[in-house]
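Scroll down for the structure; my scribbles are underneath it.
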Amino acid sequence: MFHVISPIMLRFIYALILLLFFAKAQSDVITYIWSMLLGHPAQHWPWLNGLWLSDHCPCPSGLWLPALFTAIASWLSRKLHPNGHPVAYVFTSFLVVSLVSFPFVSVWWWVAAVLIALCIALLLVLWRKRLLRQWGSQRSLWQNFMPPTVFLLVLGLYMGGMAAAPDTVHYELRTAAALHAQHPHRAYKVGKKSLSTSPRLFALRCYLMATTGKHGLADSFFQQPLPYGGSKNLLFPTDYRQTLIFPPSELYAQLGASPRSGESHLAYLQRCAKSAAAQRKSEAYTPGVDYYLCALLMDKRIDLFAREMTAFYPQRIRSHLLPRYYAEALVYYTRTRTRPCVIYHDAAIEANLRDYAEMAAKYPDWRVRYNMMRRSYGETYWFWHEYEK
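Mapping of the sequence shown onto this note's numbering: position 342 corresponds to residue 347, and the numbering continues sequentially without gaps.
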């Protein structure tokens, strides 16, 4: 079955599949594994993913990993009985998915991966014997090339399906890599069409918007999926994984201070905001101030938000030069309070808010109303304030 094409050609195609697997699908995971070995963030090169043994000794894993695993498969296929030829490639594929999955899996994944690999190997061996009996030595072109094609396709599906890192982990790693490489446009594209998120991914995206957005964090804050847990998710987790992909110290440097022992996240952000406001010029947008104000919006503390806005951006309120979500929140606050501490008007936002209220009145059933409002107004502050937990 597998001698109908050259063994060299079979190894070449398998190596090409591995190259695409490591360099495109799992390059971020490989970089993370290098970071685990090094103890600090590693460079992210999709095609030449570097394992820096020293400052001057890069090792291009994007090339040598496929070569290594192809060599393992070739060696095993020579050592095993001819009927065990498929077993060599299945076992090698199991090693491949084990490499890219071990940081993220439990013991049950290992059980499932082994059982599935054994089933694939057994079925391929039985299928090979059956085809040899049916076709004999005289075969058509289709009979020559169909079995190896199916064989390689099954291996590709096994590796792609068993790779354990979920989408959110890939988004986290790729966003962090783009931030390290100072490619914000690339970071904005990561997971752009997905509704999946996590506290870590949310914090990375907030850092991206706060440091690269023209009007700071508040201009696009609610355009991304927000995780449960409130404003504490604005800060990076302090676990070991975070230090390997994007250290929390990078955020602390932008905020202007590090958290104190026992200090709540909101007290910390308030301290950073006051310090940043004292040092800035002409009410410029700074991460220190914006993180605190967006934390208040995320926690739905709109009354405190309005009071703090008058302290941090009084001139911008008078000039109507606020980012989108500050303006939406102040318009909403003005319309829902009998004695607001600040009155803010914006004709376009007020018209949108009226349309929002009229649309909500059309759907008495809460679930239907939630789905319809989310479709039309899911990226507004009002939807977050009234519908999200």
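Glycine is no exception: its CB is placed at the ideal position from the N, C-alpha and C atoms.
Proximity of Thr154 and Thr173 at Cβ, strictly below 8 Å: No.
Phe150 burial status per 10 Å Cβ neighbour count (16 or more: buried): Its Cβ having fewer than 16 others within 10 Å, Phe150 is exposed.
With 16 other Cβ atoms within 10 Å as the buried cut-off, status of Ser59: Unreliable placement is indicated for Ser59, whose pLDDT of 30 sits below 50; no coordinate value is reported for it.
For Asp33 and Leu178, believed in contact at Cβ under 8 Å, the rounded distance: The Cβ separation is near 4 Å, so the contact holds.
Backbone CA spacing between Met164 and Ser40 [nearest angstrom]: Cα atoms of Met164 and Ser40: separation of roughly 22 Å, rounded to the nearest angstrom.
The region 320-327 / the region 335-352 touching (three or more Cβ pairs under 8 Å): In this structure the region 320-327 touches the region 335-352; the number of beta carbon pairs closer than 8 Å is three or more.
Local Cβ density within 10 Å of Glu363, reported as buried at 16 or more and exposed below that: Exposed, since its Cβ has fewer than 16 Cβ neighbours within 10 Å.
Alpha-carbon spacing of Leu249 relative to Arg312, whole angstroms: If you take the alpha carbons of Leu249 and Arg312, they lie about 39 Å apart.
Length-filtered (3 minimum) beta strand (DSSP E) runs lying within the region 204-228: Within the region 204-228, no complete beta strand (DSSP E) run reaches 3 residues.
Coil, strand or helix - Arg329 by DSSP: Taken through DSSP and simplified to helix, strand or coil, Arg329 comes out as helix.
Identity of the residue in Gln259, Trp69, Lys237, Ser254 nearest Glu268 by Cα: Nearest in C-alpha terms to Glu268, of all of Gln259, Trp69, Lys237, Ser254, is Lys237.
Validate contact between the region 91-103 and the region 122-139 using beta carbons, cut 8 Å, 3 pairs: With a cut-off of 8 Å, the region 122-139 and the region 91-103 count as touching, because enough Cβ pairs lie within range.
Nonlocal neighbours in the same chain, by C-beta distance under 8 Å from Phe109, ignoring five residues either side: Same-chain partners within the cutoff: Ala169, Ala170, Pro171, Val174.
Alpha helix (DSSP H) segment containing Gly293, residue limits: Where Gly293 is concerned, the enclosing alpha helix (DSSP H) stretches over 292-303.
Cβ distance (whole Å) where Leu240 is taken to contact Leu222 below 8 Å: So it is not a contact: roughly 13 Å between Cβ atoms.
Integer-rounded CB distance, given that Leu200 should sit under 8 Å from Pro230: With a Cβ gap of about 5 Å, Pro230 and Leu200 count as contacting.
Inter-residue Cα distance where the pair is Ile435 and Phe27: In the structure as shown, the chain starts at 6 and stops at 394, and residue 435 therefore has no counterpart that could be examined.
Segments assigned alpha helix (DSSP H), at least 4 residues, entirely inside the region 67-138: Taken in chain order, the complete alpha helix (DSSP H) segments of 4 residues or longer contained in the region 67-138 are 90-106.
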